[in-house]
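Asker: Below you'll find the structure I mean.
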Amino acid sequence: MRKLFFLLLCLSFSIVKAQDYFPTDKGVKTSEKKMFALTNATIYVTPTEVIKKGTLLIKDGKVVEVGKSVKIPKGTITTDLDGKSIYPSFIDIYTELGLPKPKRAPRGRVTQYEPSREGYYWNDHIRPDTNPIENFKFDNRKAKDMINAGFGVVNTHLHDGIIRGNGLIVALSPNSSNAYRILDQKSAQFLSFNKSRKSNQAYPSSRMGAMALLRQTYLDADWYAKGNMENKDLALEALNRNKDLVQIFETDNWLDATRADKVGDEFNIQYTIVGSGDEYERIADIKALNANFIIPINFSNAYDVSNPLLAQQISLRDMRKWNQEPSNLSVLSKNGVNFALTTRSLKSVKSFHKNLQKAIKYGFDKEKALASLTTIPASILGKTDIGNLKKGSYANFIITSGDIFDAKTTMYENWVLGDKNVINDMNIKDITGDYMLSVNNKNYDLSITGKGAKQTGSLKLNDKKVKSKFSFKDDWISIILNEEDGYTRLTGKVINAANVMQGTAYDTEGNESSWSASQKMQKGANKKEASKNKKKSDDITVVPVSYPNLGFGNYTQPKTETILIKNVTVWTSEDAGILENTDVLLEDGKISKIGKDLKSRRATVIDGTGKHLTAGIVDEHSHIAASSINEGAQNSSAEVTIEDVVDPTDINIYRNISGGTTSAQILHGSANPIGGRSAIIKLKWGENAEGMIYKNTPKFIKFALGENVKQSRSANGVRFPQTRMGVEQLFVDYFTRAKEYDALKKSGKPYRKDIEMEVIAEILNKERFISCHSYVQSEINMLMKVTERFNFNVNTFTHILEGYKVADKMAEHGVGGSTFSDWWAYKYEVNDAIPFNAAIMHNAGVTVAINSDDREMSRRLNQEAAKTIKYGGLSELEAWKTVTINPAKLLHIDDRVGSIKEGKDADVVLWSNHPMSIYAKVEKTIIEGKVYFDREEDKKKRKAIAEEKSQLITMMLNEKLGGGKTRVPMKRKDRNFECDTLEELKN
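Just so you know, we're using my numbering here: the sequence shown kicks off at 147 and counts up by one.
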């Protein structure tokens, strides 16, 4: 590994500004240390400290003095900046400037499960040892782009891995060496949920896997720091060295921001979060994180909606994104979220100011904008000598013609470390405006636009455009007119402060004449312009945000109500059976009373005549409402939990409550024998993820048997186990190890905390329950025998399509069965499935539930339950129990939900007809006394969606007709997660 000193030594010979103690053979060594005074400027020392007619005195790359009455020493180079402004140069604290993009490791024929680095952590994607100084090479081209955008300092790091190592603070000074440019070679530690491109190690393959890996890494780093590991681990050593640095975590969406913060809070680490620009969608949750943010401003282009058929494919969610995201900075600022801005994700830095100006039009305060580019990024990094122009700070500043965030303002110079970088020559006169040009007895309209040396002009005669060529260079104006009667060439200069122009014209035959141009003076022009700008601002329409922010979202969250449902047929799912013409009172989120002729003065009364009231449907096996389902890169992923990736924005939540489902177990998939932990949720549409998860939730974990876990259909899987025999041995091995781990933990001796072993020990201690994906009777029998050997029982066999073959043994073991009603033959191990399965298990004394494992079936479970009447002759009440109280019993939540009983949660569904009829529709779905679905409100929502899409399409058409950029319409892929789904939803 090269030393920093050696690197700087090598670089020093190729730059202009060398270290003082280095010898030189290129001439005399004595150098003149210059002092500069910039006078009569409006100086923004900080965003809140502004000096009018002030002087900035700098020397040796630092601010010597700033103020109104600064004494200027003799020999100082003085520049009068009357009418101009000075701002601190901007800071971008999330870049990869000067660092090579990591090359992707070549892929082999088989999946890589082991690490490729020796002497480091067991996972290649943990790379805190990455030190960017080893590969840093100043990129003059990119630095120039940043300088031209007003940036003077960047924080750069290698964007690769989950833990990515430290960063460098670099001053964008082209004429310096790295010895001067690099202000801090350990500025922060960087993290993300994304794996390293340098390794193909499979784990983790999901967000929840990345979160689990981070947790275990932090635990291992602490264990290592205490001297408890015999081996040397360079990654953990680096992680411990970097623990006091600022921790910056990159995320892809607001959900990931909350997930990252969750991990940080568990280890008392407050991450600075790199956002994605969609924080406005859940601003209350973002504010509650109490984190600093780094926010990109890469706004989407409007969709090209000129083709109505293609426009129909665009989701309301994506249309809203285009409309709402420019307001993100304003929303964050008004809610007190502290954030810096970054050029991250911009295709070109040149669009940075345009986007920022758009954000300001959408309400972002200019003072806050300046702070987000100067003092805030400096404070996040813990630096006081950048981002301001106080005495002793680095002389990094921008000289402008005026308000730096005004589109008409010209940025002249960007000084970095006291070195001037010219962006636009400030000596070039600004002649932009509208003129009357007179030549050869004709009066033309001349319009000049642009900045500095790039000012251009166009001419019209009697409102008709004239072919012409305009140039303005070295204060000389040159115009060529190309008309029907020939060419006319004009040359001239600006003769006074009013921008009056005069010169000589030459026609095709060489005849000379005089020409002149005077700026048009329109009475009240400034007022008209101000009025025009105000009108533009007033014309901005931002559609309101709903929760979640897509079609059918709620603009206000449902409130707990007192509801009295009268004269309804009540399916209790209890011994009371089905009660005719009965009243049910819901109060304070609970079922308060059940009876006849109930009264309540404050209740909303619903007439239930001819209707049916049931407990909310409980789905024991679902994969909706999650960003990922499988962490399949290891044969055991007990360390992961679906609770980490609950996604409250899934439209399937709304579709499920429209079908009467109110609770569900979101299970890990079946990619490995020991899967991840479950999330048991209530389908509270519009709540955040935490608000959906059951309080004091029972602990569950997914196990799996059969074809999936032994990778029967995997082209490159070589992971153990590859046979059903191997699956059994894997269970025995993990239970044995967990037993030993638990014994050591309980002994009081020091032990390395292992999240995976902790979870499996909970199973052995009967604190966590197994839901096991199963098909074949031999494997079902095997797992029961293995668990009995370790003195505990399987809680639920899910799918269990050969359960009818071992129903008596299941009843004896005490395990429940959660099955499909009539699925069969969708793969080889399902060939023996029969639709009588549920009834046979029920008749043998097994608690039986009908589950979905499917986003569509889960909103029609009422009809799936009805099939058990046809296939097996279950009574209507027993059939209904298979989707209410039985799955609640299997999930150990039957004391709260699953039946209509006084004292239970007010999770009920009002049906228009017999609940198992194909004609039945859900009229209301109530969860804890809050109406989350109402059929009449649903109709209103559908109408509102159509109106809003029409409004947004009109806006997009106006954008296109106004010359704005557009993009091709895209249809959002609807998620469909099942047991064997391996991909994850990132956005």
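Glycine included, every Cβ here is placed at the ideal spot set by N, Cα and C.
Looking at the secondary structure, which residues open and close the beta strand (DSSP E) in which residue 753 lies?
Answerer: Looking at the DSSP string, the run of the beta strand (DSSP E) that includes residue 753 is 750-753.
Asker: Where does residue 872 fall in DSSP's three states?
Answerer: Residue state, collapsed to three classes: helix.
Asker: One question on the structure: do residue 967 and residue 990 come within less than 8 Å of each other, judged by their Cβ atoms?
Answerer: It is not a contact, given that the beta carbons lie outside the stated cut-off.
Asker: At which residue ranges does the stretch 379-465 contain complete beta strand (DSSP E) runs of 3 or more residues, listed in the order of the chain?
Answerer: DSSP runs (the beta strand (DSSP E)) wholly in the stretch 379-465: 392-396, 418-420, 439-442.
Asker: With distances taken from CA atoms, which of 617, 629, 616, 624 is nearest residue 607?
Answerer: It is 629 whose Cα lies nearest to the Cα of residue 607.
Asker: Which residues in the same chain have their Cβ closer than 8 Å to the Cβ of residue 965, if we skip the five residues on either side of it in sequence?
Answerer: Same-chain partners within the cutoff: 944, 945, 946, 947, 949, 983, 984, 987, 994, 995, 996, 997.
Asker: Would you say residue 847 and residue 909 are within 8 Å of each other, going by their C-beta atoms?
Answerer: In contact: residue 847 and residue 909 (Cβ atoms closer than 8 Å).
Asker: If you check the beta carbons only, do residue 522 and residue 486 fall under 8 Å apart?
Answerer: Result yes, Cβ atoms of residue 522 and residue 486 sit closer than 8 Å.
Asker: Taking only the alpha-carbon atoms, compute the straight-line gap between residue 468 and residue 1099 and give it to the nearest angstrom.
Answerer: Going from the Cα of residue 468 to the Cα of residue 1099 covers about 11 Å.
Asker: Have a look at 224, 191, 744, 377 and flag the residue whose alpha-carbon is nearest the alpha-carbon of residue 265.
Answerer: The shortest C-alpha separation from residue 265 is found at 377.
Asker: With DSSP run on the structure shown, which of helix, strand or coil describes residue 234?
Answerer: Strand.
Asker: So residue 812 and residue 772 are in contact, right, with Cβ under 8 Å, and what is the actual spacing, rounded?
Answerer: Going by Cβ atoms, the distance from residue 812 to residue 772 rounds to 5 Å, so yes, they are a contact pair.
Asker: Using only the alpha-carbon positions, how far apart do residue 843 and residue 1045 sit?
Answerer: The straight-line gap from Cα to Cα measures roughly 18 Å.
Asker: Just to confirm the assignment, what range does the alpha helix (DSSP H) spanning residue 801 have?
Answerer: Run containing residue 801: 797-803, per the alpha helix (DSSP H) assignment.
Asker: Going by DSSP, which residues form a beta bridge with residue 594?
Answerer: Residue 594 pairs with 579, 603.
Asker: Please report how far the alpha carbon of residue 1092 lies from the alpha carbon of residue 1050, in whole angstroms.
Answerer: Going from the Cα of residue 1092 to the Cα of residue 1050 covers about 39 Å.
Asker: For a minimum of 4 consecutive residues, which ranges assigned as the alpha helix (DSSP H) are wholly contained in the stretch 215-294?
Answerer: Within the stretch 215-294, the complete alpha helix (DSSP H) runs of at least 4 residues are 286-294.
Asker: What residue from 655, 649, 654 has the CA that sits closest to residue 662's CA?
Answerer: Looking at the Cα atoms, 649 is the closest of the given residues.
Asker: Terminal residues of the continuous alpha helix (DSSP H) containing residue 931?
Answerer: Note, residue 931: alpha helix (DSSP H), 923-935.
Asker: Quick one: complete beta strand (DSSP E) runs, 3+ long, within the stretch 712-797?
Answerer: The stretch 712-797 contains these whole beta strand (DSSP E) runs: 724-733, 736-741, 750-753, 758-761, 763-768.
Asker: In or out: residue 278 buried (at least 16 other Cβ within 10 Å) or exposed?
Answerer: Looking at its Cβ environment, which holds 16 or more other Cβ atoms inside 10 Å, residue 278 is buried.
Asker: Can you grab the Cα-Cα spacing for the pair residue 457 / residue 1105, in whole Å?
Answerer: Rounded to the nearest angstrom, the two C-alpha atoms are 15 Å apart.
Asker: Ignore the nearest five residues each way along the sequence and tell me which others in residue 580's own chain have a CB closer than 6 Å to its CB.
Answerer: Only 593, 666 meet the Cβ criterion.
Asker: Can you check the stretch 478-536 for any alpha helix (DSSP H) of at least 4 residues that lies completely inside it and give the ranges in chain order?
Answerer: With a minimum length of 4 residues, the continuous alpha helix (DSSP H) runs that stay inside the stretch 478-536 are 498-507, 512-519, 521-526.
Asker: Given that a residue counts as buried once 16 or more other Cβ atoms are within 10 Å of its Cβ, and exposed if not, what is residue 223?
Answerer: That one is exposed.
Asker: With DSSP collapsed to three states, give me the class of residue 971.
Answerer: Three-state result, residue 971: coil.
Asker: Quick one: residues in its chain with C-beta nearer than 8 Å to the C-beta of residue 225, no 5 flanking neighbours on either side, listed in chain order?
Answerer: If we look at residue 225 and ignore the five residues flanking it on each side, its Cβ neighbours are 182, 183, 184, 185.
Asker: CB-CB under 6 Å to residue 956, same chain, minus the five flanking residues each way: which ones, in chain order?
Answerer: 992, listed in sequence order.
Asker: Which whole-angstrom value describes the C-beta separation of residue 301 and residue 335, a residue pair presumed to lie in contact below a C-beta threshold of 8 Å?
Answerer: With 8 Å as the limit, residue 301 and residue 335 do not qualify as a contact, their Cβ atoms being about 12 Å apart.
Asker: When you compare only the Cα positions, how much space is there between residue 953 and residue 923?
Answerer: The alpha-carbon atoms of residue 953 and residue 923 are separated by roughly 10 Å.
Asker: Would you call the CB atoms of residue 712 and residue 753 closer than 8 Å?
Answerer: Yes, the Cβ-Cβ distance between residue 712 and residue 753 is below 8 Å.
Asker: Just reading off the alpha helix (DSSP H) that residue 810 is part of, what are its end residues?
Answerer: Not the alpha helix (DSSP H): residue 810 falls in the beta strand (DSSP E), residues 807-812.
Asker: Could you give the first and the last residue of the continuous alpha helix (DSSP H) run that contains residue 962?
Answerer: That residue, residue 962, is in no alpha helix (DSSP H); its beta strand (DSSP E) goes 962-965.
Asker: My assumption, with CB atoms under 8 Å, is that residue 235 sits in contact with residue 698. Please give the rounded CB distance.
Answerer: That pair is no contact at about 47 Å.
Asker: Out of 280, 292, 780, 399, state which residue places its alpha-carbon closest to the alpha-carbon of residue 257.
Answerer: Among 280, 292, 780, 399, the Cα nearest to that of residue 257 is on 780.
Asker: Out of 510, 512, 563, 556, which one is the CA nearest neighbour of residue 535?
Answerer: Out of 510, 512, 563, 556, 563 has the C-alpha closest to the C-alpha of residue 535.
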